[in-house]
Amino acid sequence: MSADHDDLRRLLGGYLLGGLDELDTDRLDAHLRYCDDCRDELERLAPVPELLQRLPDAQRNPGAGAQPPVSMSAKPTPENIEGLLRRMRAARSRENRMARVRWLAAAAVVLLAVVIGFGVIRSNRAVQQPEAIPSPQLVTAPFEPAEGSGLAGEAVLTPKMWGVSIALDVSKLPGQGPFKCQVRSAQGEVEQAAVWGPTVSGSAKVIGASSIQLRNVRSVSVADEDGHLLGTAKLP
1 MSADHDDLRR
11 LLGGYLLGGL
21 DELDTDRLDA
31 HLRYCDDCRD
41 ELERLAPVPE
51 LLQRLPDAQR
61 NPGAGAQPPV
71 SMSAKPTPEN
81 IEGLLRRMRA
91 ARSRENRMAR
101 VRWLAAAAVV
111 LLAVVIGFGV
121 IRSNRAVQQP
131 EAIPSPQLVT
141 APFEPAEGSG
151 LAGEAVLTPK
161 MWGVSIALDV
171 SKLPGQGPFK
181 CQVRSAQGEV
191 EQAAVWGPTV
201 SGSAKVIGAS
211 SIQLRNVRSV
221 SVADEDGHLL
231 GTAKLP
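Below is the structure:
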């Protein structure tokens with residue numbers, strides 16, 4: 001950088017404030033056409049006039065002859081330029097602090113909205129979550145063999161919307177079958193729930209069904225092909 005360049009650069013403050021004479025203004029105009037550094041500096045200093053108007057000294061009694069921070073008729077000096085820059089930096093610092101405060105306040109509002117929204121979503125999900133359907137209450141009834149029969153086992157009854165499902169697990173079945181399972185209600189109604197054939201071991205596991213509701217079932221019985229009772233499982 002030449003000494004002439006440095007001298008012209010010092011005039012930038014006065015140039016912005018309108019304090020240069022016609023000769024210096026023309027010199028600086030010509031210099032700015034090819035000097036990128038000075039153009040950048042001029043752009044950085046562009047807010048200075050407006051910032052100076054915001055200074056308390058400039059706003060207090062503007063018509064009472066108060067002295068401006070920099071003489072408009074004097075040729076700017078390095079001290080005056082530095083004073084302008086200090087004031088500009090201080091003003092920008094205040095504006096930056098205010099901007100940060102506004103940004104933090106906005107961020108806090110957004111965060112609060114997110115937390116509230118998340119809580120509402122979780123609350124809605126909790127409200128909308130279907131209640132767990134209780135498991136059907138199974139009823140297990142052991143078989144009591146009829147006189148002269150050795151039938152053993154149990155009947156497991158599961159309530160259904162349409163009636164009852166009956167799972168038989170029996171052993172010591174006599175003869176060749178077929179065997180029949182019957183359900184008797186409290187009103188004396190009888191329904192056949194299952195039929196099955198002979199087994200080599202004399203044991204069987206059979207699933208049957210009846211339209212009688214579980215609460216109305218009083219007993220489940222097993223009989224042979226001739227209708228002879230082999231055993232009965234009584235419900236409480």
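When we follow the UniProt record's numbering, the leftmost residue of the sequence shown carries the number 1, and every step to the right adds one.
Where a beta carbon is used, it is the ideal one built from N, C-alpha and C, also for glycine.
Restricting to runs no shorter than 3 residues, where is the beta strand (DSSP E) found entirely within the region 173 to 200? 179 to 185, 190 to 196
Please report the residue range of the beta strand (DSSP E) in which L138 lies. From DSSP, L138 is part of no beta strand (DSSP E); its letter is neither H nor E.
Only counting the same chain, and skipping five residues up and downstream in sequence, which positions put a Cβ closer than 6 Å to that of A152? S171, K172
Exposure label - S211; buried when at least 16 CB within 10 Å: exposed
Is it buried or exposed, L138, if we count other Cβ atoms within 10 angstroms and call 16 or more buried? Under a 10 Å Cβ-count criterion, L138 is classified as exposed, with fewer than 16 other Cβ atoms of the shown protein chains found around its own Cβ.
Nearest-angstrom Cα distance between H5 and L104? 44 Å
Sub-9 Å separation of residue 270 and A146 beta-carbons: Outside the displayed range of the chain (1 to 236) lies residue 270, so it cannot be described from this structure.
Specify, as a first and last residue, the run of the beta strand (DSSP E) that A167 falls within. 164 to 171
To the nearest angstrom, report how far apart E154 and A233 are at their CA atoms. 7 Å
In whole angstroms, what separates the C-alpha of A3 from that of L28? 14 Å
Between the C-alpha atoms of S207 and Q187, what's the straight-line distance to the nearest angstrom? Just to set this straight, residue 207 is Ile in the shown sequence, not Ser. Taking the straight line joining both Cα atoms gives about 24 Å.
Around the C-beta of V220, are 16 or more other C-beta atoms found within 10 angstroms, so that it is buried, or is it exposed? buried
Skipping 5 residues on each side, what residues in its chain have a beta carbon closer than 6 Å to that of A194? C181, V206, G208
Anticipated Cβ contact below 8 Å, F179 with D224, distance rounded: 6 Å
Are H31 and L45 touching if we call contact CB-CB under 9 Å? Their beta carbons are not under 9 Å apart, which means H31 does not touch L45 by this criterion.
Enumerate in chain order the residues of its own chain whose CB-to-CB distance from Y15 is below 6 Å, with the five nearest sequence positions on each side excluded. L28
If you count every other CB in all the chains shown that lies within 10 Å of the CB of A204, and 16 or more means buried, which is it? buried
Expressed to the nearest angstrom, what Euclidean distance is found between the alpha-carbon atoms of R97 and A106? 14 Å
Nearest-angstrom Cα separation, counted from G13 out to S93: 20 Å
If you run the structure through DSSP and keep just helix, strand and coil, what is R218? strand
Roughly how many whole angstroms lie between the Cα atoms of G148 and G202? Looking at the two C-alpha atoms, the distance is approximately 16 Å.
Nearest-angstrom Cβ-Cβ length linking S165 and N216, presumed shorter than 8 Å: In fact, because the Cβ distance is near 15 Å, the residues do not count as touching under 8 Å.
Could you name the residues of the same chain whose beta carbon sits closer than 8 Å to that of R102, not counting the 5 residues immediately before and after it, in chain order? Counting only Cβ-Cβ distances below 8 Å, and skipping sequence neighbours, we find nothing.
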